[in-house]
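Protein sequence lines, in the order shown, are assigned to chains A and B. Residue 232, in numbering that gives the first Met the number 0, is where the first sequence stops; the numbers in between run on with no holes. Residue 232, in numbering that gives the first Met the number 0, is where the second sequence stops; the numbers in between run on with no holes. Everything below concerns the one structure shown next.
Number of protein chains: 2
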Amino acid sequence: MAHEAQKAIARQSLLLKSLPDQHVETLLSHAIWRQYDRGETIFVQEESAQAVHVVLAGWVKLFRMSPTGAEAVVSVFTRGESFGEAVALRNVPYPVSAEAVSACEVMHIPSPVLISLMKADPEIGISILASTFTHLHSLVSQLEQLKAQTGAQRVAEFLLNLCDCDEGACEVELPYDKMLIAGRLGMKPESLSRAFSRLKAVGVKINRNHAEISDIPLLRDYADSDPAENWAR
Amino acid sequence: MAHEAQKAIARQSLLLKSLPDQHVETLLSHAIWRQYDRGETIFVQEESAQAVHVVLAGWVKLFRMSPTGAEAVVSVFTRGESFGEAVALRNVPYPVSAEAVSACEVMHIPSPVLISLMKADPEIGISILASTFTHLHSLVSQLEQLKAQTGAQRVAEFLLNLCDCDEGACEVELPYDKMLIAGRLGMKPESLSRAFSRLKAVGVKINRNHAEISDIPLLRDYADSDPAENWAR
DNA sequence: GGCATCGCTTGACTAATGTCATGTTCCCGG
DNA sequence: CCGGGAACATGACATTAGTCAAGCGATGCC
Numbered sequence: 000m001a002h003e004a005q006k007a008i009a010r011q012s013l014l015l016k017s018l019p020d021q022h023v024e025t026l027l028s029h030a031i032w033r034q035y036d037r038g039e040t041i042f043v044q045e046e047s048a049q050a051v052h053v054v055l056a057g058w059v060k061l062f063r064m065s066p067t068g069a070e071a072v073v074s075v076f077t078r079g080e081s082f083g084e085a086v087a088l089r090n091v092p093y094p095v096s097a098e099a100v101s102a103c104e105v106m107h108i109p110s111p112v113l114i115s116l117m118k119a120d121p122e123i124g125i126s127i128l129a130s131t132f133t134h135l136h137s138l139v140s141q142l143e144q145l146k147a148q149t150g151a152q153r154v155a156e157f158l159l160n161l162c163d164c165d166e167g168a169c170e171v172e173l174p175y176d177k178m179l180i181a182g183r184l185g186m187k188p189e190s191l192s193r194a195f196s197r198l199k200a201v202g203v204k205i206n207r208n209h210a211e212i213s214d215i216p217l218l219r220d221y222a223d224s225d226p227a228e229n230w231a232r
Numbered sequence: 000m001a002h003e004a005q006k007a008i009a010r011q012s013l014l015l016k017s018l019p020d021q022h023v024e025t026l027l028s029h030a031i032w033r034q035y036d037r038g039e040t041i042f043v044q045e046e047s048a049q050a051v052h053v054v055l056a057g058w059v060k061l062f063r064m065s066p067t068g069a070e071a072v073v074s075v076f077t078r079g080e081s082f083g084e085a086v087a088l089r090n091v092p093y094p095v096s097a098e099a100v101s102a103c104e105v106m107h108i109p110s111p112v113l114i115s116l117m118k119a120d121p122e123i124g125i126s127i128l129a130s131t132f133t134h135l136h137s138l139v140s141q142l143e144q145l146k147a148q149t150g151a152q153r154v155a156e157f158l159l160n161l162c163d164c165d166e167g168a169c170e171v172e173l174p175y176d177k178m179l180i181a182g183r184l185g186m187k188p189e190s191l192s193r194a195f196s197r198l199k200a201v202g203v204k205i206n207r208n209h210a211e212i213s214d215i216p217l218l219r220d221y222a223d224s225d226p227a228e229n230w231a232r
């Protein structure tokens, strides 16, 4: 069953952290705890939703397959993030598939448990809306970026999101492999490679899965600039 | 105040249609009814949300301005559709701006009304999640299309969504002007024009805001085909 | 009626991205 | 330590979309 360490992570998740302890304990005690290997499927598109999922460790991607077999990555989640809220509560089919992209641990809260608790306390509904809103917001941002930025600019944003600080220099680790980063940013691995090359001009060095940013404000400017402007190479 | 005809439309909206009559009446009686001219702003990004909005007539667009001034259209709503649910219930800033793209009528349900009703009946929460899920789903589809289809294919999908039937031929009216369609599909008006030209090869004729589709399954095939495949021009 | 405006189309050109092919590096297992 | 496969990088080329500029046509205003 669940270790205390896992429960601690679950308690800090956006979904649960603002709920009263009592409800949290109820949910934790009814949850299903599972491990997945890299590449393992968590659920597939069109399958009917029966639980809300909370990632405790590792990385999970949500994606959609187009009729031609092209894969579009919708989001990537890690420790403390949850997904499937809006779907699980309505017993409708998942609009996406979910797959473990690294070995990972996921907690599943069966929908009936959540629904009965929600009927008892409407505050739960607000909490679920909070998570759902976060997802909406993230999708809107992605949409904006895809429509208004070049590939290299999206990569720049991605790197900036990995930084803690907002000035000076910074070193970060790429959280998952470049193929997935490319998918997440809506481009091919080749294009990602080239985008990284371009970013050299604005002080970004990539080595393996390690990135050095020499000037964060400069990179910010680049990411938010008009694509037409010229940035010395 | 509100005419009966407007109330009837509101009652059929996704947000309200599955609620008990009693609740619907409460919400309708507390709602604010407003008219907007073409181009008028309904709310702006970062403004704090105080109501859920239901479109009764006309068209409303939600969009985001990037720092450089580029506009990304996130969605376009019309009669019977609602927006702002997840935001209004949490008192957070809107992630997007809203503007009337034609003369239109919008009903605003103040968040406190909705919240107090939600506390009284958790079923309201489920109904709100239903609307929110619809938006999530639509954003996911848009993302998939942007990532996996060419401009012309997205236009094809757009036309197919306007058709009622799924076989034979069909004639439809373009619901709003081409500049907005282009924005909604993530392209420039010039590109939309050219996309329409290409679609001639798969039996689409555009005249003003009137579109003729001679072979719906053919257009479907085109929309879902691999961009690399060749379609005689 | 005439003129200005705006939405839309078209052409020529450029920038960005995908595709295909090739080569390198790294990691893992024998 | 070696070999094979996967991830990644790079070059050459095709396709797609954005940019800039010109022109058409309907609408509306004076």
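Ideal placement from N, C-alpha and C gives every residue a C-beta, glycine not left out. Here the structure is a predicted model, which means the values were calculated and not measured.
Between which two residues does the alpha helix (DSSP H) carrying residue i extend?
i        : result
Ser96/A  : Run containing Ser96/A: none in the alpha helix (DSSP H); it sits in the beta strand (DSSP E), 96 to 99.
Gln5/A   : 3 to 11
Glu266/A : As shown, chain A starts at 0 and ends at 232. That puts residue 266/A outside it, with no answer to give.
Met178/B : 177 to 183
Met117/B : 110 to 119
Thr133/B : 122 to 147
Pro174/A : Neither: Pro174/A is in no alpha helix (DSSP H) and is coded neither H nor E.
Leu198/A : 188 to 198
Leu159/B : 150 to 161
So, are the CB atoms of residue i and residue j less than 8 angstroms apart?
i        : j        : result
Ser96/A  : Ser137/A : no
Ala18/B  : Ile114/B : The sequence shown places Leu at residue 18/B, not Ala. The answer is no: Cβ separation not under 8 angstroms.
Pro109/B : Gln49/B  : yes
Gly182/B : Val51/B  : no
Cys162/A : Ile205/A : no
Phe76/B  : Val54/B  : yes
Ser191/B : Ile180/B : Residue identity differs from the one stated: residue 191/B is Leu in this sequence, not Ser. Yes; because the gap between Cβ atoms is below 8 angstroms, this pair is in contact.
Ala210/B : Val203/B : yes
Leu88/A  : Ile41/B  : no
Pro92/B  : Glu166/B : no
Pro94/A  : Val139/B : yes
Pro121/B : Pro66/A  : no
Leu116/B : Gln141/A : no
Leu135/A : His29/B  : no
Which residues does DSSP pair with residue i in a beta bridge?
i        : result
Ile212/A : Cys169/A, Val203/A
Ser47/B  : Pro92/B
Arg33/B  : Val105/B
Phe82/A  : His52/A
Thr40/A  : Glu98/A
List the endpoints of the continuous beta strand (DSSP E) containing residue i.
i       : result
Met64/B : 58 to 64
Determine the closest residue to residue i out of the options, with distance taken between C-alpha atoms.
i        : options                              : result
Met64/B  : Ile8/A, Leu161/A, Tyr93/A, Gln144/A  : Gln144/A
Ala4/A   : Thr67/A, Gly79/A, Ala69/A            : Gly79/A
Leu27/B  : Met106/B, Phe82/B, Glu45/B           : Met106/B
Val86/A  : Gln152/A, Val112/A, Ser47/A          : Ser47/A
Ala119/A : Thr25/A, His2/A, Tyr93/A, Lys6/A     : Thr25/A
Gly68/B  : Lys146/A, Pro66/A, Lys177/A          : Lys146/A
Lys177/A : Glu166/A, Phe157/A, Ala168/A         : Phe157/A
Gln152/B : Ala194/B, Lys187/B, Ala9/B           : Ala194/B
Val154/A : Cys164/A, Ala168/A, Met186/A         : Met186/A
Glu70/A  : Leu184/A, Ala9/A, Glu228/A           : Leu184/A
Gln148/A : Ser81/A, Asn208/A, Glu228/A          : Glu228/A
Leu159/B : Pro188/B, Asp220/B, Glu189/B         : Asp220/B
Glu189/A : Ile31/A, Cys164/A, Glu84/A, Gly150/A : Gly150/A
Using 7 angstroms as the cut-off, classify the Cβ of residue i as near or not near the heavy atoms of the ligand SAH, replying yes or no.
i        : result
Ser196/B : The ligand SAH is absent from the structure shown, which contains no ligands of any kind.
Exercise. Are the segment 212 to 219 of chain A and the segment 172 to 188 of chain A touching, with three or more C-beta to C-beta distances below 8 angstroms?
Worked result: Because the criterion of three Cβ pairs below 8 angstroms is not met, the segment 212 to 219 of chain A and the segment 172 to 188 of chain A do not touch.
Problem set entry | Inter-stretch contact at 8 angstroms, needing at least 3 Cβ pairs: the segment 55 to 74 of chain B / the segment 97 to 111 of chain B | Segments in contact, yes.
Exercise. So does the segment 8 to 19 of chain A actually touch the segment 123 to 136 of chain A, counting three or more Cβ pairs closer than 8 angstroms?
Worked result: Proximity of the segment 8 to 19 of chain A to the segment 123 to 136 of chain A meets the contact definition, three or more beta-carbon pairs being nearer than 8 angstroms.
Exercise. Three or more C-beta pairs closer than 8 angstroms, one from the segment 27 to 40 of chain B and one from the segment 218 to 227 of chain A: is that the case here?
Worked result: Too few Cβ pairs lie closer than 8 angstroms, so no.
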